[in-house]
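Scroll down for the structure; my scribbles are underneath it.
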Amino acid sequence: MSVTTSPTYLAKATKVALSDFSSPAMRAFHLTWMAFFVCFFAWFACAPLMPIIKGEFGLTKDQIANINIAAVAVTILVRLVIGPLCDRYGPRKAYTGLLLFGAIPVFGVASAQSYESFLFFRLAIGAIGASFVITQYHTSVMFAPNVVGTANAAAAGWGNSGGGATQTLMPLIVVALALFGVEQAGGWRIALLVPGVLMLVMAWAYWKFTQDCPAGNYDTLRATGLMPDTGKKVGLTSFKRACGNYRVWLLFVTYGACFGVEIFIHNVAALYYVERFGLSLKAAGFAAGTFGLLALFARALGGIASDRIAKVKGLDGRTLLLFVLMVGEGLGLLWWAQMDHVAIAIVAMLTFGLFTHMACGATYALVPFIDRNALGGVAGIIGAGGNVGAVAAGFLMKASPNTQSCLLILGGLVTLSAICAIAVRFTAEHKTREQELFEQAVAERQAQAA
């Protein structure tokens, strides 16, 4: 039995009150997006500095591709594991541990002296990408069905904006250090210490100010008998149950095609603008950063739209919305890849990016409804799909003659993947049960407002 189906359901928040920092749900909401922001910032802190790092280590095209693949590869495994760990130990312990241990390779990459050592630490940094699964898990157990799509998408979107912030801020930190006489060879290393320190601060805040679910922490609830203690196998059971659900694997593909493409773009955009359009490191960082900063509102917009359409068309409306967004993403990516003028290219990138971020939000607006008894397993597998997509894009990049060719092929594949979204279907019984929970949450919210 999962906490998501326990009698504590009525304690879940039925609205997202952004000014509220006192309730357990809103504390979790704010701290989880902040933690994800810091993790995303650290995860991609190297990307905007690659033009400098490439020159220092004399990196080849294949070596850069290997680094980009390494940055997202290990995340696949960690995302598969972290979801069931949340089911067993709770999101509070899982996030705190990930932040603490994830800071180690962030500090390590700053001290790398060769391509091999840089590649190793870049691979290890990828583990912090699993923070996304904990973010989505924590908001899913804190918020009721009428707003869970909005809560999930907003928390993930604001956290994702760390990828845009790092594209802009890391080059600025290097430039600022240069004003104090620090050369680029040392400046990029000092700059990479910043996200590591932020992760340690965030680990302390998450441990101190959050709890696992509306009723408290899992270990306390199990000790007092308020939550069933199904033993150490609870995580494995959740994972196996999720593996047997075909809807999980369809969303695994769609998430690979939206979030996988998103993080691939984070890794290559700055270098693409430098090499294709001749922009400076600072200008390329700003251009690439706008893509990530869309997450400030676009991913939340996808979740909000999913919650709104669910009021009219239920779960089928959520899947239809995801299909439309995936088609828009694919066509937008094809447009961006063919642009030769930098200004139009940025407009095309922002258009494609809007659909991409919204599709990510719409995907995880569906996740809480796939199987409430295996939330950790479902969230982990679908989240891993995002990184499988990024790794596949990395290998495609390695096999392509240039980045533009890679983007054209990706655009076609993303458009085709939209079929998986429309193929997600629910039984009449499943839809009836979820509709009852949705209406129950709406009624409770109206009662609170009266």
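First residue of the sequence shown: 1239, per my numbering; consecutive thereafter. Beta carbons: idealized from backbone N, C-alpha and C, even for Gly.
Anticipated Cβ contact below 8 Å, residue i with residue j, distance rounded
| i | j | result |
| --- | --- | --- |
| Gly1540 | Ala1597 | 6 Å |
| Ile1372 | Val1486 | Between Val1486 and Ile1372 the Cβ distance is about 18 Å, and since that is not below 8 Å, they are no contact. |
| Val1319 | Gly1364 | At roughly 13 Å, the Cβ-Cβ gap does not stay under 8 Å, so Val1319 and Gly1364 are not in contact. |
| Ala1273 | Met1264 | No, Ala1273 and Met1264 are not in contact; Cβ-Cβ is about 15 Å, not under 8 Å. |
| Ala1441 | Arg1360 | That belief does not hold up - the Cβ atoms of Ala1441 and Arg1360 are roughly 21 Å apart, past 8 Å. |
| Tyr1493 | Ile1657 | Not quite, the Cβ-Cβ distance comes to about 14 Å (not below 8 Å), so this is no contact. |
| Thr1305 | Leu1357 | In the sequence as presented, Thr is not what sits at residue 1305; that position holds Ile. Confirmed, Cβ separation roughly 6 Å. |
| Ala1394 | Gln1374 | 6 Å |
| Ser1655 | Met1564 | 6 Å |
| Ala1536 | Leu1604 | Not a contact, Cβ separation roughly 17 Å. |
Buried or exposed by the 16-neighbour rule on C-beta atoms within 10 Å, applied to residue i
| i | result |
| --- | --- |
| Thr1466 | A small correction: the amino acid at residue 1466 is Pro; Thr does not occupy that position in the sequence shown. It is exposed - the Cβ of Pro1466 has fewer than 16 other Cβ atoms within 10 Å. |
| Asp1545 | buried |
| Thr1557 | buried |
| Asp1300 | exposed |
| Asp1450 | buried |
| Gly1527 | buried |
| Ser1257 | exposed |
| Ala1637 | exposed |
| Phe1267 | buried |
| Lys1250 | buried |
| Thr1462 | exposed |
| Glu1677 | exposed |
| Ala1581 | exposed |
| Ala1681 | exposed |
| Ala1666 | exposed |
| Phe1633 | exposed |
| Phe1259 | exposed |
| Ala1583 | buried |
| Phe1233 | As displayed, the chain neither begins before 1239 nor continues past 1688, which places residue 1233 out of reach and without an answer. |
| Ala1414 | exposed |
| Thr1594 | buried |
| Thr1388 | buried |
| Val1550 | exposed |
| His1579 | exposed |
| Thr1601 | buried |
Residues of its chain near residue i, where Cβ-Cβ distance is below 8 Å and the 5 sequence neighbours each way are ignored
| i | result |
| --- | --- |
| Pro1433 | Val1276, Phe1279, Ala1280, Ala1283, Val1344 and Thr1404 |
| Gly1650 | Gly1568 and Leu1572 |
| Asn1483 | Ile1608, Asp1609, Ala1612 and Val1616 |
| Ile1314 | Ala1622, Asn1625, Val1626 and Val1629 |
| Ala1416 | Gln1422 and Gly1425 |
Residues near residue i by beta carbon distance below 7 Å, same chain, minus five either side
| i | result |
| --- | --- |
| Lys1669 | Gly1552 and Leu1553 |
| Gln1673 | Gly1552 |
| Arg1683 | Thr1252, Lys1253 and Asn1384 |
| Leu1459 | Ala1453 and Met1465 |
| Ala1332 | Ile1320, Leu1323, Cys1324 and Ile1372 |
| Tyr1247 | Only weak support is given to the placement of Tyr1247: the predicted model assigns it a pLDDT of 38, under 50, and the value that follows is read from those uncertain coordinates. Taken in chain order, the list of residues that qualify is empty. |
| Thr1653 | Val1565, Gly1568 and Leu1569 |
| Thr1406 | Gly1523, Phe1524 and Gly1527 |
| Leu1509 | Met1288 and Pro1289 |
| Val1420 | Ile1428 |
| Gly1397 | Trp1271, Phe1274, Phe1275, Phe1278 and Thr1373 |
| Gly1555 | Ile1547 and Ala1548 |
Cβ shell of residue i (< 6 Å), same chain only, five flanking positions each side left out
| i | result |
| --- | --- |
| Val1316 | Ala1365 and Ala1368 |
| Gly1400 | Phe1275, Phe1278 and Phe1279 |
| Gln1422 | Ile1290 |
| Ala1392 | Ala1538 |
| Ala1685 | none |
| Ile1411 | Ala1429 |
| Ala1679 | Thr1252, Ala1382, Pro1383 and Asn1384 |
| His1376 | Ala1266, Thr1270 and Pro1329 |
| Leu1517 | Tyr1511 |
| Leu1337 | Met1437, Met1440 and Ala1441 |
| Ala1341 | Gly1434, Met1437 and Leu1438 |
| Pro1409 | Pro1286, Leu1519, Lys1520 and Gly1523 |
| Val1312 | Leu1361, Gly1364 and Ala1365 |
| Pro1262 | Gln1449 and Pro1452 |
Decide if the region 1634-1648 is in contact with the region 1525-1533; the criterion is three or more beta carbon pairs, one per stretch, under 8 Å apart. no
Are at least three pairs of beta-carbons, each pair with one atom in the region 1352-1360 and one in the region 1568-1578, less than 8 Å apart? no
Between the region 1479-1497 and the region 1657-1675, are three or more C-beta pairs nearer than 8 Å? yes
If contact is defined by three or more beta carbon pairs under 8 Å, each pair taking one atom from either stretch, is the region 1285-1293 in contact with the region 1437-1448? no
Count the CB pairs spanning the region 1621-1635 and the region 1496-1503 that are closer than 8 Å, and state whether there are at least three. yes
In the region 1287-1312, which residue ranges form an unbroken alpha helix (DSSP H) of at least 4 residues, counting only runs that do not cross its ends? 1288-1295
My parser needs the alpha helix (DSSP H) runs of 4 or more residues fully inside the region 1384-1452; what are they? 1386-1417, 1422-1429 and 1431-1447
Can you check the region 1490-1550 for any beta strand (DSSP E) of at least 3 residues that lies completely inside it and give the ranges in chain order? none
Can you list the beta strand (DSSP E) stretches of 3 or more residues lying completely in the region 1594-1632, in chain order? none
Scan the region 1340-1371 and note each continuous alpha helix (DSSP H) run of 4 residues or more that stays entirely inside, going in chain order. 1353-1363
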